[in-house]
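Numbering follows this note's numbering, with no gaps: position 287 of the sequence shown is 276.
Ideal placement from N, C-alpha and C gives every residue a C-beta, glycine not left out.
Have a look at the structure below before the remarks.
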Amino acid sequence: MKVITFQAIKALELSPACCYQWAAGMIAEKPSAILPPKISMKPAEGVFCNVMPGIFSSGGESWGGVKLVTRYPGRSPSLDSKLLLFDAATGECRALMDANWITAMRTGAVAAHSVLLFAKPGFSRLGIMGLGNTARAALLVLAAMLPEKELDIALLRYKGQEQLFAGRFSSCPNLHFSYVDTPEELAAGREVVLSAVTYVGEDICPDSCFEEGVLVVPIHTRGFTNCDLFFDKIFADDYGHVCHFKNFSRFRAFAEVSDVVNGRKAGRESDRERILAYNIGIALHDICFAAHIYKRLENTGLPELSLEEPAEKFWI
């Protein structure tokens, strides 16, 4: 079994456009995959431990995996994830991988996919809050897919991160940044509101902030439960991951993103619809990225790990 580190993955210099294509492909193929709802344990306020399994087949290959992602506020960075990748046809464990790069880039790619799929045509005004690696990844992918589109992007000020964030995209002259002090200012007048805030205990903005035609993408599902009750359509990665939401029975309309991609459900049907896209983050996206990365690194000099499984059938 290979050990694949964060540094080994980053050294591949995978492009944002490549990440988009991997994510889009897995979203389209989701109906044929096996995806149990993730197990989420919350031992303390602001702390979580998520265990995320899944299996999919593509191009004659079958891959499975289990990702463990944890959040501890006292740790820096607070989020960490690891992934065990296996050959689903034989059960052989192929790699133990750091999944921090995978988590950030697949999450960003899926968020960008939702923007391109559900934002009203001709959108140009975005608001972004929660300016960490995930938000950077989302904008990197979006910018790669819209290389010449002029975008007016408001950033929510937070500990100077807004300036670092804007500086990261200084090489993109079509991206124009401004800073605001409150979530209400961020949401007002925006056609797309993207939130990568990892934890917030209450809703962020009152209903009045969200104009007709807005798309809201709460990447970590936090802070927008009031939108559940009056937005026209709500989409998510997977039914099983959201059917327990407190307002699920009160959604006006719900569908999985894969159903829209595959033509089974309608997406945006007018410029007036308010749309909420819950990018829950499902294991299939992680496993898909992990499988692609594994195949690119399989024949390199990666360290090997042997768990020394029992050789005998009867060993007790």
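When secondary structure is reduced to three states using DSSP, Pro42 falls in the strand class. Under the three-pair Cβ rule at 8 Å, the segment 224 to 239 does not count as touching the segment 177 to 194.
Taking a contact as a CB-CB distance under 8 Å, the pair Ala126 and Ala93 counts as one, their CB atoms being some 5 Å apart.
Membership of Cys8 in any beta strand (DSSP E) is not indicated; the residue belongs instead to the alpha helix (DSSP H) covering Pro5 to Glu18. With respect to Asn163, Leu140 sits close: the two C-beta atoms are nearer than 8 Å. Assignment of Arg239 by DSSP, reduced to helix, strand and coil, places it in the helix class. Annotation: the segment 69 to 121 contains the following complete segments of the beta strand (DSSP E) (minimum length 3 residues), in chain order: 82 to 87 and 114 to 118. Between the segment 98 to 106 and the segment 39 to 52, the count of Cβ pairs shorter than 8 Å is below three; the stretches do not touch. Boundaries of the beta strand (DSSP E) harbouring Val205: Leu204 to Pro207, taken from the DSSP string.
About 15 Å separates the Cβ atoms of Val36 and Ile28, ruling out a contact at the 8 Å cut-off. With contacts defined by Cβ atoms closer than 8 Å, Ala185 and Cys198 do not form a contacting pair. Val169 and Leu115 have their C-alpha atoms spaced approximately 12 Å apart. Ranked by Cα distance from Ser67, the first of Met30, Asn251 and Asn89 is Asn89. Between Ile276 and Trp52, the C-beta gap is smaller than 8 Å, which places the two residues in contact.
In the DSSP assignment, Val58 falls within the beta strand (DSSP E) that extends over Glu50 to Arg60.
Secondary structure note for Tyr267: its beta strand (DSSP E) is the uninterrupted segment Ile264 to Tyr267.
The Cβ-Cβ distance between Ile264 and Asp221 falls below 8 Å.
With contacts defined by Cβ atoms closer than 8 Å, Tyr283 and Arg83 form a contacting pair.
The C-alpha of Pro5 is placed about 14 Å away from the C-alpha of Gly14. With a contact defined as Cβ atoms closer than 8 Å, Lys56 and Ser65 miss out at about 21 Å.
Under the DSSP assignment, Phe224 falls in the beta strand (DSSP E) whose first and last residues are Lys222 to Ala225.
For the options Tyr188, Val206 and Glu201, the alpha carbon positioned closest to that of Glu34 is the one of Tyr188.
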